[in-house]
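Student: Just so we're on the same page, this note's numbering is the position in the sequence shown counted from 1, plus 1052. Glycine is no exception: its CB is placed at the ideal position from the N, C-alpha and C atoms. Okay, handing you the structure first.
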Amino acid sequence: MSYRTKFFLINPEREEMFTNLLRVVKQWAKARQIYSNIFGYLSGTILLIMTAKICLLYPNGNLLFLLRQFFLIYSIWFVYLNKSSKIKI
């Protein structure tokens, strides 16, 4: 079962908020030219999963709050992964 389906089953009244957040995040990724599955960039499926996770963590947040949390959580997550990586290039 997909994240989108699970989210709609858990919280069907927040469908519009989820869709709007996903739309904004996709536009952000396209504007920065990182929306592509080529070479490991962010694809629509990855953005959908990331957006669904934020909506599940904060079910009562408005669009601006969810967008802020999206960038805050994933920026911290990315920094943490880089610091904990043992591989040196």
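Please report the residue range of the alpha helix (DSSP H) in which R1075 lies.
Tutor: Residues E1067 to A1083.
Student: Leaving out five residues on either side along the sequence, give the residues of the same chain with a beta carbon under 8 angstroms from the beta carbon of S1088.
Tutor: Only L1094 and S1095 meet the Cβ criterion.
Student: Less than 7 angstroms separating the beta-carbons of V1077 and T1103?
Tutor: Closer than 7 angstroms, so yes.
Student: Alpha helix (DSSP H) containing G1113: first to last residue?
Tutor: Unbroken run through G1113: none, as it is neither H nor E.
Student: Report the option in I1101, K1082, L1109 and G1113 whose CA atom is closest to the CA atom of M1069.
Tutor: The residue with the shortest Cα to Cα distance from M1069 is G1113.
Student: Determine the direct distance from the alpha carbon of S1127 to that of L1073, and round the result to whole angstroms.
Tutor: Going by the C-alpha atoms only, they are around 17 angstroms apart.
Student: Taking all protein chains shown into account, decide if I1101 is buried (16 or more other Cβ within 10 angstroms of its Cβ) or exposed.
Tutor: The residue in question, I1101, is exposed, as its Cβ has fewer than 16 Cβ neighbours within 10 Å.
Student: I need the straight-line Cα distance from W1129 to R1120, nearest angstrom please.
Tutor: Straight-line Cα distance between these residues: approximately 14 angstroms.
Student: Taking 6 angstroms as the cut-off, is the CB of K1105 close to at least one heavy atom of the ligand ATP?
Tutor: This structure lacks the ligand ATP; in fact it carries no ligand of any kind.
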